[in-house]
Every structure is written in structure tokens, then in C-alpha cells.
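Letter by letter, the sequence shown follows residues 1 to 299 in our numbering.
Idealized CB from N, CA, C, for every residue including glycine.
Report on the following structure.
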Amino acid sequence: MSSSERSITDYLPFLSMAGLLLIVQILALILSSPMEVSGMQAFEDPTQVSNSIYYIGLILVFTLFVLIAIKKEMKWVISLLIYFAIISTLYYVFLSLLNLFPSLYGSPATIASILISSGVTVVLYKYPEWYVVDLVGICIAGGVSALMGISLSVIPVVVLLVLLAIYDAISVYKTKHMITMAEGIMDLKLPILFVIPKHLHYSFLHESFKAGEKREAYFMGLGDAVMPTLLVVSASAFMHSDGGISYPVLGAMLGTLAGYAVLYILVMKGKPQAGLPFLNSGVILGFFIGVLLSGASIT
């Protein structure tokens with residue numbers, strides 16, 4: 001194999017994961033408009049910074065719950081909770097997409113969304129191969145990003161991203177409980193992460209996740225795609241442009257990719273890295289560069 005072929009192969013996982021990030025952000029932007037029209041916002045006042053603190057609290061409670069369930073060897077409880085979250089999120093995703101068609105608006109869209117989200121969840125449960133997990137993960141990440149992005153204006157989102165970056169760094173580098181949680185639930189084969197195989201014959205179904213075994217795929221948590229996308233959606237929803245390119249949105253998207261590039265370089269050195277410090281820093285920096293270029297105001 002030539003050196004050029006080796007370099008292309010080496011970059012394929014990076015390009016694939018970057019592509020997934022971009023797809024999630026585009027899907028979230030598509031979903032945000034019908035979700036906003038349908039009044040799916042999670043908070044009544046999206047400008048309140050206290051909403052970000054509330055969201056952080058939910059994350060801490062969920063993390064504690066998962067760690068306790070892992071210690072008590074009650075992973076079925078985690079599976080039940082996550083499957084409920086999956087089918088609920090998929091329902092809102094498909095409802096929003098179907099509502100884009102006037103002929104389906106109302107009861108037809110509702111019934112179809114229930115059937116499709118239920119069917120997809122059953123397929124995921126019966127056959128959680130890596131491409132099924134990735135496809136469902138894209139839908140979930142896009143849906144959650146859109147819902148939260150239209151529920152928080154720019155300043156609360158920036159505050160949330162800064163706090164989450166600090167929390168992620170502490171939980172990975174200091175307490176290491178995030179690594180414990182990830183290792184404890186990866187074998188559930190749920191769309192809580194993206195999977196990029198290292199070779200064509202890889203099967204996520206046969207991945208054992210035993211300690212010390214060589215991994216045959218690259219993994220990235222769904223939260224690493226969701227969190228920076230919140231700012232992309234929020235910038236689109238709360239910073240209306242005069243038409244054409246929205247520089248804050250474009251800057252946020254490019255900033256996410258730049259942050260991921262730095263993260264990927266460090267991950268390739270073989271050590272686990274906290275993703276959000278890099279991704280959130282990138283999206284925030286890109287967003288503010290876009291704001292400066294557009295001359296827009298974030299207030």
C-alpha cells in the first residue's frame with residue numbers, strides 16, 4: 001500500500017465523523033422551523049440563563065442515576081429509560097418532518113409519527129448494527145438539538161456550553177466518572193454514540209467491550225454532536241438575517257468542525273479526550289467570528 005493510500009485511509013474516520021456532525025446540524029436546522037411553529041419549545045422564556053442551570057441539573061441527576069444503576073447491576077433500568085427517550089424523540093422528529101407537508105398536517109402526521117417511531121425503535125432493539133445505531137443516532141441528535149436550540153436563546157446557550165465544557169473536562173480528566181459511565185453502558189448497543197468502523201467487515205453486534213481488548217471502530221458520544229449544534233440552531237432561530245448566508249450560523253458550523261479537527265488529532269495519540277472542551281470552544285469562537293463579520297447583535 002502506498003503512503004498516499006495510507007493517508008487517505010487514516011483520514012477516513014475523521015471525515016466520516018465530521019460528516020455525521022454536519023448531517024446532525026443540517027437536520028437540526030431543518031427540524032427547528034416546524035418545531036418552532038408547532039410550539040415545541042421546552043421553556044416559556046428562552047432568554048433566561050436559569051434555564052441553562054436547570055438543564056445542567058438534569059444532566060447531573062441523570063448521570064448519578066446511571067452510575068448507581070451500573071453499580072447495582074441494573075442496566076435494564078437504563079435501557080428502559082433510554083428506549084423511552086428514543087421513541088419519544090423520534091416521534092417529535094418524524095412529526096416535525098411530516099408536518100412540512102400540508103396534506104399530512106394534524107392527525108395523519110400524528111398517527112404516522114407514532115407508527116414510524118415505534119417501528120424504528122423495534123428495528124433498533126432487534127438489530128442494533130452500527131449503521132442502524134448511527135442512523136437512529138442522527139435522528140435523535142438532530143431532534144434533541146432542534147428542540148433545545150429553539151428553547152434557549154444565544155446567551156443561555158453560550159453559558160450552557162461553557163459550563164458543560166468545564167464539567168466534561170472534570171468528569172473525564174479528574175473524577176473520570178464519565179469514562180466509567182461510558183464503559184458501563186456501551187455494551188447496551190444503544191444510539192448514545194456514533195460508530196465508525198475501522199474495516200468493512202466490522203459488526204457492532206459482536207463488539208464485546210471487554211477491558212483491554214482492541215477496538216475495531218471509533219466512537220463518539222451523541223452529546224458531542226448535540227451540544228455544539230444547540231448554538232447553531234439558536235443562532236438560526238434568534239438571530240434573523242436579512243436573507244442570504246447567516247454568518248453566525250455558518251461560523252458556528254465551521255467552528256464545530258475546527259474544534260473537532262483538534263480533538264481528532266489528540267484522540268489519534270491514543271488517550272481518551274473530553275470532547276466538549278474542544279467542540280464547544282470551536283462552535284463559540286466560530287459563532288462570534290460570524291457575529292463580527294455580520295455586524296449583528298446577540299442581545
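Taking only the alpha-carbon atoms, compute the straight-line gap between I185 and S246 and give it to the nearest angstrom.
About 39 Å.
Which class does G295 belong to by DSSP, given the choice of helix, strand or coil?
coil
If you reduce the DSSP assignment to three classes, tell me which class F194 lands in.
strand
L285 and G255 closer than 8 Å at C-beta:
yes
Residue nearest to F219 in terms of C-alpha spacing, selected from V157, V133, P102, I150:
Closest option to F219, Cα to Cα, is V133.
What is the residue span of the beta strand (DSSP E) that F219 lies within?
If you look at F219, you'll find it in the beta strand (DSSP E) that goes 217–221.
Verify whether the separation of the beta carbon atoms of S294 and G259 is less than 8 Å.
No. Outside cutoff.
Return helix, strand or coil for A69, following the three-state DSSP convention.
helix
By the 10 Å Cβ neighbour count, where 16 or more other Cβ atoms means buried, how is Y131 classified, buried or exposed?
By the neighbour-count rule (16 or more Cβ atoms within 10 Å), Y131 is not buried but exposed.
Identity of the residue in L64, I70, P228 nearest A141 by Cα
P228
Are the beta-carbon atoms belonging to I56 and L190 less than 8 Å from one another?
Result no, Cβ atoms of I56 and L190 do not sit closer than 8 Å.
Give a yes or no on contact between the stretch 152–161 and the stretch 33–50, applying the rule of three or more CB pairs nearer than 8 Å.
Enough Cβ pairs lie closer than 8 Å, so yes.
When you compare each of I150, Y264, M181 to V233 by their alpha carbons, which one comes out closest?
I150
Collapsed DSSP secondary structure at T110 in the structure displayed
helix
Under the three-state DSSP convention, the category V49 falls into:
coil
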